[in-house]
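Enquirer: Before I ask anything, let me first share the structure, which is written out below as structure tokens.
Residue numbers (the working numbering): 21 to 435.
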């Protein structure tokens, strides 16, 4: 029995999904290319350029650092230009950079500084592309079908996260740095397919706002809504403590539990399979529970499941791996269900002309929390062994969850 007072909207006729499906196909190509590229960069750094561990770490960080810089600016760009054209530019821009790098690599001229410039540039473009994608979803979705549309987008991303590591490894094994050319081709295909999707733009509202007012509009929109504020705070806290816990677990698994890097990679992949299951279940849960209840339960799974990781028994690799696999799977299910519903809340409650800037606020806090969480894990290892240190972010995850549930319970329509 549905406990939400809202009635479930009737399913949209298949033809009304045409524009979304065209956009979805285009973004499936872009998301797959992006995930393969994410794993290909450190593999190229290690296997082809021969960089040392510190330089590989720099390579990985350069994929995310542009997000913190570009996200606030990107939010304004997304809200002020034609989003269809912006996505096209982002896809073709990454394709051009990767194709150029592939040509340089084939001639043995891809140096480490040039490689890092490539990583930084594609990271900056990807941050804008991700914001644009989120802002476009309400413009291509049938009326009343935002939740279903977000579920489909998250499902594609989850599948890409499953196949990304394996595909990156296989392509590098077959073609070396030629993988960059292959990824460029997929981005180009995504750009071509995006031309077939029509965006329901509506009328643009003229504004006389100052630059600073436009820049801070996203933060003011979030501040004005108790639910949006609760989601923002929970997202930042969760990413901080979750990243700290995962970082500490990786150290613990490799140094204390004696797992191989392959085993650890497979365990993390189980979380991606959980994400696929979560994306498939998100819409069904909406028909049975109130949205705030779904988000609370989903965040409970995402926050409590990783707290089983410190319980992994040393000296028993198979039980430890089984426990971690269950934890990562449940974590993947919960986090994806939460993401589907929280993004749907933003799409439904925020005006179209502010979607880019509001999305930028959330992504800034999300990536900022992730970066600080990794640094926090490093600081903890200077004071405690990893197995002991893991309990500290576990306590943080539980405390953040309780704060989130309390915030939802205080909403005017809670119940």
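The beta-carbon is built from N, C-alpha and C at its ideal position, and this holds for glycine as well.
With a cut-off of 8 angstroms on the beta carbons, I'd call residue 146 and residue 103 a contact; round off their distance for me.
Expert: Stepping through the chain shown from its first residue, residue 146 is reached at position 126. Stepping through the chain shown from its first residue, residue 103 is reached at position 83. Wrong, their Cβ atoms sit about 16 angstroms apart, outside the cutoff.
Enquirer: Quick test of the definition: if touching needs 3 or more C-beta pairs under 8 angstroms, does the region 399-413 touch the region 199-214?
Expert: In short, these stretches do not touch, since the Cβ pair count stays below three.
Enquirer: Cα separation between residue 262 and residue 326?
Expert: Stepping through the chain shown from its first residue, residue 262 is reached at position 242. Stepping through the chain shown from its first residue, residue 326 is reached at position 306. Approximately 8 angstroms, taken between the alpha carbons.
Enquirer: Contact between the region 155-169 and the region 72-89 is defined here as three or more beta-carbon pairs at a separation below 8 angstroms; is this criterion met?
Expert: No, the region 155-169 does not touch the region 72-89.
Enquirer: Taking DSSP as the reference, what is the three-state secondary structure of residue 428?
Expert: As a first step, residue 428 must be located in the chain shown, where it is residue number 408. Residue 428: helix per DSSP, three-state reduction.
Enquirer: Considering residue 370, what are the terminal residues of the alpha helix (DSSP H) in which it resides?
Expert: Position 350 of the chain shown, counted from the first residue, corresponds to residue 370. Neither: residue 370 is in no alpha helix (DSSP H) and is coded neither H nor E.
Enquirer: By DSSP, does residue 325 sit in helix, in strand, or in coil?
Expert: Position 305 of the chain shown, counted from the first residue, corresponds to residue 325. In the structure shown, residue 325 sits in a helix (DSSP, three-state: H, G or I).
Enquirer: Could you give the residue range of the alpha helix (DSSP H) that holds residue 37?
Expert: Walking along the chain shown from the start, residue 37 turns up at place 17. That residue, residue 37, is in no alpha helix (DSSP H); it is neither H nor E in DSSP.
Enquirer: What is the C-beta distance between residue 200 and residue 264, in whole angstroms, given that I count them as a contact (C-beta under 8 angstroms)?
Expert: Along the chain shown, one-based indexing puts residue 200 at 180. Along the chain shown, one-based indexing puts residue 264 at 244. Actually they do not touch by this definition, with Cβ atoms about 33 angstroms apart.
Enquirer: Taking the straight line between their C-alpha atoms, what separation do you get for residue 75 and residue 362?
Expert: Residue numbering aside, residue 75 sits at position 55 when the chain shown is read from its first letter. Residue numbering aside, residue 362 sits at position 342 when the chain shown is read from its first letter. Going by the C-alpha atoms only, they are around 36 angstroms apart.
Enquirer: Rounded to whole angstroms, what is the Cα-Cα separation between residue 208 and residue 66?
Expert: For this step, residue 208 is matched to residue 188 along the chain shown. For this step, residue 66 is matched to residue 46 along the chain shown. Cα to Cα, the separation comes out at about 27 angstroms.
Enquirer: Is the number of C-beta pairs between the region 185-194 and the region 94-112 that are closer than 8 angstroms three or more?
Expert: Output reads no: the region 94-112 does not touch the region 185-194.
Enquirer: Count the other CB atoms within 10 Å of the CB of residue 131; is the residue buried (16 or more) or exposed (fewer)?
Expert: For the purposes of this step, residue 131 is identified with residue 111 of the chain shown, where counting begins at 1. By the 10 Å Cβ count, residue 131 comes out exposed.
Enquirer: Give me, in chain order, the residues of the same chain whose beta-carbon lies closer than 8 angstroms to that of residue 430; leave out the 5 immediate sequence neighbours on both sides.
Expert: Position 410 of the chain shown, counting from 1, holds the residue named residue 430. Around residue 430: 246.
Enquirer: What do you get for residue 338, buried or exposed, if any count of 16 or more other CB atoms within 10 angstroms of its CB means buried?
Expert: Looking up residue 338 in the chain shown gives position 318. By the 10 Å Cβ count, residue 338 comes out exposed.
Enquirer: Assuming contact is defined by CB atoms lying nearer than 8 angstroms, are residue 398 and residue 348 in contact in what I supplied?
Expert: Along the chain shown, read from residue 1 onward, the residue named residue 398 stands at position 378. Along the chain shown, read from residue 1 onward, the residue named residue 348 stands at position 328. Against a cut-off of 8 angstroms, the Cβ pair of residue 348 and residue 398 comes out as no contact.
Enquirer: From this set, 181, 248, 144, which residue's C-alpha is nearest residue 427's C-alpha?
Expert: For the purposes of this step, residue 427 is identified with residue 407 of the chain shown, where counting begins at 1. Comparing Cα-Cα distances from residue 427 to each of 181, 248, 144, the minimum goes to 248.
Enquirer: Between which two residues does the alpha helix (DSSP H) containing residue 129 stretch?
Expert: Mapped onto the chain shown, residue 129 falls at position 109. No alpha helix (DSSP H) holds residue 129; DSSP gives it neither H nor E.
Enquirer: Could you tell me the alpha carbon to alpha carbon distance between residue 345 and residue 287, rounded to whole angstroms?
Expert: For the purposes of this step, residue 345 is taken as residue 325 along the chain shown, with counting starting at 1. For the purposes of this step, residue 287 is taken as residue 267 along the chain shown, with counting starting at 1. Cα-Cα distance, rounded: 5 angstroms.
Enquirer: Indicate whether the contact test is met: 3 or more Cβ pairs, each with one atom in the region 313-323 and one in the region 353-370, closer than 8 angstroms.
Expert: These segments touch.
Enquirer: Using the Cβ count rule (16 or more neighbours within 10 Å means buried), how would you classify residue 383?
Expert: Numbered from 1 along the chain shown, position 363 holds the residue referred to as residue 383. Result: buried.
Enquirer: Going by C-alpha distance, which of 94, 253, 143 is nearest residue 117?
Expert: Counting from one through the chain shown, the residue named residue 117 turns up at place 97. The shortest C-alpha separation from residue 117 is found at 143.
Enquirer: Specify the secondary structure class of residue 75 as computed by DSSP and reduced to three states.
Expert: For this step, residue 75 is matched to residue 55 along the chain shown. DSSP places residue 75 in helix when its eight states are reduced to three.
Enquirer: If residue 385 and residue 251 are in contact, beta carbons under 8 angstroms, what's the gap, nearest whole angstrom?
Expert: As a position in the chain shown, residue 385 is number 365, starting the count at 1. As a position in the chain shown, residue 251 is number 231, starting the count at 1. Contact flag wrong, Cβ pair sits at about 10 angstroms.
Enquirer: Report the rounded CA-to-CA distance for residue 389 versus residue 39, giving the unit in angstroms.
Expert: Along the chain shown, read from residue 1 onward, the residue named residue 389 stands at position 369. Along the chain shown, read from residue 1 onward, the residue named residue 39 stands at position 19. So the two alpha carbons sit approximately 35 angstroms from each other.
Enquirer: Terminal residues of the continuous alpha helix (DSSP H) containing residue 270?
Expert: Working through the chain shown from its first residue, we reach residue 270 at position 250. Start and end: 246-275.
Enquirer: Could you check how far apart the C-beta atoms of residue 334 and residue 276 are, in whole angstroms? I think they sit under 8 angstroms.
Expert: Along the chain shown, one-based indexing puts residue 334 at 314. Along the chain shown, one-based indexing puts residue 276 at 256. 6 angstroms between Cβ atoms; contact.
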